[in-house]
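Asker: Numbered by my numbering, the letters in the first sequence go through residues 7 to 835 in order. Just so you know, even glycine gets a beta-carbon here, dropped at the ideal spot from N, CA and C. None of the values given here were measured: they were computed from a predicted structure. I am attaching a structure below and will ask some questions about it afterwards.
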Amino acid sequence: MELIITEKDNAARRIADILSGGSMDATRENGVNVYEWGGKRCVGLSGHVVGVDFPPEYSDWRDVEPAELIDATIEKEATKENIVATLRILSRQAEIATIATDYDREGELIGKEAYEIVRDVNEEIPIRRVRFSSITENEVTNAFAEPEELDFDLAAAGEARQIIDLIWGAALTRFLSLSAGQLGNDFISVGRVQSPTLKLLVDREREIEAFDPEDYWELFVDLTKADDDAESFDAQYFYLDEEDNEAERVWDEADAEAAFEDLSSTSEATVVDVNRRTRTDAPPAPFNTTQFIRAASAIGYSAKRAMSIAEDLYTAGYITYPRTDNTVYPDDLDPEVLLDDFVGHPTLGEDAEDLLEADEIRPTEGDEETTDHPPIHPTGEIPTRGDVSDDEWEVFELVVRRFYATVAEDAVWEHLRVVAEAADRSLKANGKRLVEPGYHAVYPYFSTTENYVPDVTEGETLSLTDIELEEKQTQPPRRYGQSRLIETMESMGIGTKSTRHETIEKLYDRGYVESDPPRPTRLAMAVVEAAENYADRVVSEEMTAQLEADMDAIASGEATLEDVTGESREMLEDIFAELADSREEIGDHIRKSLKDDKRLGPCPECGEDLLVRRSRYGSYFVGCDGYPDCEHTIPLPSTGKPLILEETCEDHELHEVKMLAGRQTFVHGCPLCKAEEAGEGPILGECPDCGDEHDGELAVKTLQSGSRLVGCTRYPDCEYSLPLPRRGEIEVTDERCEEHDLPELLVHSGDEPWELGCPICNYQEFQARESESGSDLESLEGVGAKTVEKLAAAGIESLDDLTDADPDSVAADVDGISADRVRSWQAKA
DNA sequence: GCAAGGTC
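Here you go:
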């Protein structure tokens, strides 16, 4: 039996299909598809099925000096056990094995991993390697007709990368995490790809922070031909600067006003120059991963979402493999045949038919031609609208239309530039008109906005009106958007087509960036600074470039894996020698930056910093850094994760807060303003729970959701609350309840106000009515569903449990409930 | 519980 091993299931199925002429059978072994026909079996891996790691004795971060990892042994272990097990079973039964993984460096390494698994159970059989650049009948049959040998040098190049990435990444990650005391989920990560990417963002942020805006002025006028019904058009003032270049920005206010005065003194302008030219606008190249992400991002998809949809469309068979660097269609793609598949389709058919009418169809080509996968294009299989979500359809249509664009004709623009003079000042207008829509007719994602400038002739007099002097400011450079960042990574050679978008996600997960476009946090700034000071290589693109060169040397036999990894280990040893003395300093800086990321501004009570904190129950609130000396807190909305914005509130000097909750994301604003607006309505009296101990008071509050309650001013430290009706205006009367010393409330809704009375009495009556349902704990005054839930979490589910409990331990276990309050409940129960 | 690279 011949065993054929491919990089993924999809490739296994297609290769089996080609080699068997469609006659293969599919079976499943350990959940892995195996394709069988006439003495052959074909199985797909799932990329790497083994991974590198340190032995278990290195796994406790606190027990191992990070520098010890540099010379630690590195083991290979199965990461996809079921696939490895299946491969072992099939290998025992095989008489010959053929490795048919992707034709690139990582594919060679994956092939070597398979080779070792086969050899481990079967020492004798020949193991061959076939290489083909696309899975087509021609290429595959040719490759199998003349099998080759595995390239162990090329595989070793990939192994060197694995080893270097692991050692540098793990050792530096552990060092920074330990120095800052950030273990567990909040470790501080460093890596050859993520750290240079982060540095790109941090460098840009530094430019933005250092930016000093400058004022300038621009002048605009309306010009109109003398005809009766002529439409006016915009023109802009310009002058020649010291180097005789045209300039529109006027840097001096007096100069700008002088120009304004001059232009205001006349109502005519004379055309002095007319320049007409046509420009051809060539259609775009086929999609590689990066350009696909860029186009999808222009229609509102994040990099992650775009790739996830593309992967689904690929798995379903509608588009080709979405991870590719290739921008040249392979020879076996016949555009006419593919266009034919769309003929007759209700929404995509007409454009395909139009394209087929051209005399000759010649697809565009990009600069990069690789051998592993074709550019992303539709397969010819078209989903029905019901088969896919709206988003999937939108992305599918983008891929189809991009393919259309690559086989469509050039567009042609006509540019018209007019220069006029008025009161010795120069004016210019730039018009453009799309004369031949070309590929834009089938690819509507690029702007085709025209700018109207009429036909004028030299010497013609135009009327001049509506002079506007606009004061502007130079703007700081813009942050990288996700797709721009991916393009930059690609041009610097950082990461791969499959990992760049994941790297960006990783930066979000690690707390290094927030919001979109990604903005680096103070933590990110501190980590990049630490790396720049002590381990410059790991934040530089240089490290990847050197690694690429070293890998080429290994692949060509000029160097060995040991040479390259040995040298890399020495470099890292040097870095750790420097780092040792600065451990505390680095840790302090990172810890301080972590606090900066949570800082809202000064505490109105004590002047220390207010920080965004998280209660033991996971909810967010604002608390003072001076705690426990200062117990000032401000509530935050219960939905979402707070993001601190750059904007600050003028009244309180606090940063505004945005609550990130997917589609329900909203800007909360200054928490103190919100608390003042929402919360503290009229104060009713002392809080029965914490009034004695902490001076808590009851107030009428309105929540973000619009619902109202009587609650303690010390929320969230004290969660005493009483319900209020949703509707009607609440009036606080002068009459007081003798038992609870609170004012009686009136509710104005409808024609007649109704008496709610003392809010505690009202609640007790309500509880009495409701007491049959729910926990009997709810019959206690001031105890709502939320408190019942918390008590239940501490093991107290009924009044009986409560009477048996120790008040101090309950107070210790349950946030916002004091021992005194428990005692008062016990007395009543 | 570290990286980056395959793949899902």
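Residues in its own chain within less than 8 Å of GLY113 by CB, not counting five upstream and five downstream?
Answerer: Against the first sequence, residue 113 aligns to sequence position 107. Around GLY113: GLU13, THR107, ASP378.
Asker: Whose C-beta lies closer than 8 Å to the C-beta of CYS743 among residues of the same chain, with five residues either side of it excluded?
Answerer: Residue numbering aside, residue 743 sits at position 737 when the first sequence is read from its first letter. These residues qualify, in order along the chain: PRO749, GLU750, GLY763, CYS764, ILE766, CYS767.
Asker: Let me know the secondary structure DSSP gives VAL418 once reduced to three states.
Answerer: Against the first sequence, residue 418 aligns to sequence position 412. The three-state reading of DSSP puts VAL418 in strand, counting E and B together.
Asker: Work out the CA separation of TYR327 and GLN99 for me, nearest whole Å.
Answerer: Against the first sequence, residue 99 aligns to sequence position 93. Against the first sequence, residue 327 aligns to sequence position 321. C-alpha separation (whole angstroms): 32 Å.
Asker: Among ALA417, GLU652, GLU374, ALA177, whose alpha-carbon lies nearest the alpha-carbon of ILE76?
Answerer: As a working mapping, residue 76 is identified with position 70 in the first sequence. Answer by Cα proximity: ALA177.
Asker: Could you tell me whether the region 192 to 208 touches the region 610 to 621, where touching means 3 or more Cβ pairs closer than 8 Å?
Answerer: no
Asker: Between LEU433 and VAL459, what straight-line distance do the alpha-carbon atoms span, to the nearest angstrom?
Answerer: Reading the first sequence from its first residue, position 427 is the one you call residue 433. Reading the first sequence from its first residue, position 453 is the one you call residue 459. Cα to Cα, LEU433 sits roughly 13 Å from VAL459.
Asker: Which of the three DSSP states is assigned to ARG255 in this structure?
Answerer: Position 249 of the first sequence, counting from 1, holds the residue named residue 255. Correct three-state label for ARG255: coil.
Asker: Whole angstroms are fine: how far does the CA of ALA561 sit from the CA of GLU165?
Answerer: By 1-based counting over the first sequence, the position of residue 165 is 159. By 1-based counting over the first sequence, the position of residue 561 is 555. Looking at the two C-alpha atoms, the distance is approximately 11 Å.
Asker: Tell me the rounded alpha-carbon separation between SER711 and GLU496.
Answerer: Reading the first sequence from its first residue, position 705 is the one you call residue 711. Reading the first sequence from its first residue, position 490 is the one you call residue 496. Any answer about SER711 is weak, because its pLDDT of 49 lies below 50 and its placement is not dependable; what the coordinates show is given next. Taking the straight line from one Cα to the other gives about 45 Å.
Asker: Can you grab the Cα-Cα spacing for the pair VAL349 / TYR324, in whole Å?
Answerer: Counted from its first residue, the first sequence places residue 349 at position 343. Counted from its first residue, the first sequence places residue 324 at position 318. Annotation: VAL349 to TYR324 spans about 16 Å, alpha carbon to alpha carbon.
Asker: For GLU74, which beta-bridge partners are listed by DSSP?
Answerer: For the purposes of this step, residue 74 is taken as residue 68 along the first sequence, with counting starting at 1. For GLU74, no pairing in a beta bridge is given by DSSP.
Asker: Starting from the Cα of ASN4, find the closest Cα among HIS421, TYR449, ASP587, GLY629 and give me that residue.
Answerer: One cannot answer for residue 4 here, as it falls past the ends of the chain, which runs 7 to 835.
Asker: According to the neighbour-count rule (16 or more other Cβ atoms, all chains shown, within 10 Å of its Cβ), is GLU653 buried or exposed?
Answerer: Start at 1 with the first residue of the first sequence, and residue 653 comes out as number 647. It counts as exposed.
Asker: Does the beta-carbon distance from ILE21 to ILE141 come in below 9 Å?
Answerer: Within the first sequence, residue 21 is the residue found at index 15, counting from 1. Within the first sequence, residue 141 is the residue found at index 135, counting from 1. Yes, Cβ-Cβ distance for ILE21 and ILE141 is below 9 Å.
Asker: Which runs of the beta strand (DSSP E) fall wholly inside the region 585 to 670 and span at least 3 residues, in chain order?
Answerer: For the region 585 to 670, the full-length beta strand (DSSP E) segments reaching 3 residues or more read 605 to 608, 615 to 620, 626 to 630, 639 to 641, 647 to 654, 661 to 666 along the chain.
Asker: So, is ASP15 buried or exposed, given that buried needs 16 or more other C-beta atoms within 10 angstroms?
Answerer: Within the first sequence, residue 15 is the residue found at index 9, counting from 1. Label assigned to ASP15: buried.
Asker: Give the DSSP-derived three-state secondary structure of GLY187 in the structure shown.
Answerer: For this step, residue 187 is matched to residue 181 along the first sequence. Reduced to three states, the DSSP call for GLY187 is coil.
Asker: With a 10 Å radius around its C-beta and 16 neighbouring C-beta atoms as the bar for buried, classify THR739 as buried or exposed.
Answerer: Start at 1 with the first residue of the first sequence, and residue 739 comes out as number 733. By the 10 Å Cβ count, THR739 comes out exposed.
Asker: Could you pull out every residue in the same chain whose Cβ sits closer than 8 Å to the Cβ of GLY175, ignoring the five residues on either side in sequence?
Answerer: Locating residue 175 in the first sequence gives position 169, where the first residue counts as 1. Counting only Cβ-Cβ distances below 8 Å, and skipping sequence neighbours, we find SER195, VAL196, GLY197, ARG198.
Asker: Could you check if LEU246 is buried or exposed, using at least 16 other CB atoms within 10 Å of its CB as the buried criterion?
Answerer: As a first step, residue 246 must be located in the first sequence, where it is residue number 240. Burial call: exposed.
Asker: May I have the straight-line CA-CA distance separating ASN128 from ILE80, to the nearest angstrom?
Answerer: For the purposes of this step, residue 128 is identified with residue 122 of the first sequence, where counting begins at 1. For the purposes of this step, residue 80 is identified with residue 74 of the first sequence, where counting begins at 1. In a straight line, the C-alpha of ASN128 is about 25 Å away from that of ILE80.
Asker: Relative to the C-alpha of GLU143, which candidate in ASP23, ILE102, ASP234 has its C-alpha closest?
Answerer: For this step, residue 143 is matched to residue 137 along the first sequence. Ranking ASP23, ILE102, ASP234 by Cα distance to GLU143 puts ASP23 first.
Asker: With distances taken Cα to Cα, identify the nearest neighbour of ARG516 among PHE193, PRO61, VAL90, TRP67.
Answerer: What you label residue 516 is simply residue 510 of the first sequence in a count that begins at 1. Among PHE193, PRO61, VAL90, TRP67, the Cα nearest to that of ARG516 belongs to PHE193.
Asker: What are the residues that DSSP puts in a beta bridge with ALA754?
Answerer: Mapped onto the first sequence, residue 754 falls at position 748. It should be noted that the sequence gives His, not Ala, for residue 754. Partner(s): GLU735.
Asker: To the nearest angstrom, report how far apart ASP261 and THR330 are at their CA atoms.
Answerer: As a position in the first sequence, residue 261 is number 255, starting the count at 1. As a position in the first sequence, residue 330 is number 324, starting the count at 1. In this structure, the alpha-carbon of ASP261 lies about 54 Å from that of THR330.
Asker: Drop a sphere of 10 angstroms on the beta-carbon of GLU778, count the other beta-carbons inside from all chains shown, and report buried for 16 or more, exposed for fewer.
Answerer: Within the first sequence, residue 778 is the residue found at index 772, counting from 1. In this prediction, GLU778 scores a pLDDT of 47, lower than 50, which makes its location untrustworthy; no coordinate-derived value is stated.
Asker: Please determine, among GLU508, GLY499, SER469, the residue with the shortest C-alpha to C-alpha distance to THR276.
Answerer: Counted from its first residue, the first sequence places residue 276 at position 270. Cα-wise, what sits closest to THR276 is SER469.
Asker: Between the beta-carbon of ILE169 and the beta-carbon of LEU578, is there less than 9 Å?
Answerer: Residue mapping note: residue 169 aligns to position 163 of the first sequence, counting from 1. Residue mapping note: residue 578 aligns to position 572 of the first sequence, counting from 1. No, they are not a contact pair.
Asker: Select from ARG408, THR353, ALA265 the residue whose C-alpha is nearest the C-alpha of ALA301.
Answerer: Along the first sequence, read from residue 1 onward, the residue named residue 301 stands at position 295. Of the listed residues, the one whose Cα sits closest to ALA301 is ARG408.
Asker: Under the three-state reduction of DSSP, which class applies to HIS674: helix, strand or coil?
Answerer: Position 668 of the first sequence, counting from 1, holds the residue named residue 674. Note: HIS674 maps to strand in three-state DSSP.
Asker: Taking three-plus beta-carbon pairs below 8 Å as touching, is the region 352 to 362 in contact with the region 311 to 325?
Answerer: no
Asker: How big is the Cα-Cα spacing for PRO336 and PRO380?
Answerer: As a position in the first sequence, residue 336 is number 330, starting the count at 1. As a position in the first sequence, residue 380 is number 374, starting the count at 1. So the alpha carbons of these two residues sit roughly 6 Å apart.
Asker: Can you round the beta-carbon distance between MET557 and ARG167 to whole angstroms, since I take them to be within the 8 Å contact cut?
Answerer: The residue you call residue 557 lines up with position 551 of the first sequence. The residue you call residue 167 lines up with position 161 of the first sequence. Confirmed, Cβ separation roughly 6 Å.
Asker: Whose C-beta lies closer than 7 Å to the C-beta of TYR121 among residues of the same chain, with five residues either side of it excluded?
Answerer: Here residue 121 refers to the residue found at position 115 when the first sequence is read from its first residue. Excluding sequence neighbours, TYR121 sits near ILE105, ILE133, LEU156.
Asker: Mind listing, in chain order, the continuous alpha helix (DSSP H) runs of no fewer than 4 residues lying wholly within the region 372 to 430?
Answerer: Runs of the alpha helix (DSSP H) inside the region 372 to 430: 396 to 412.
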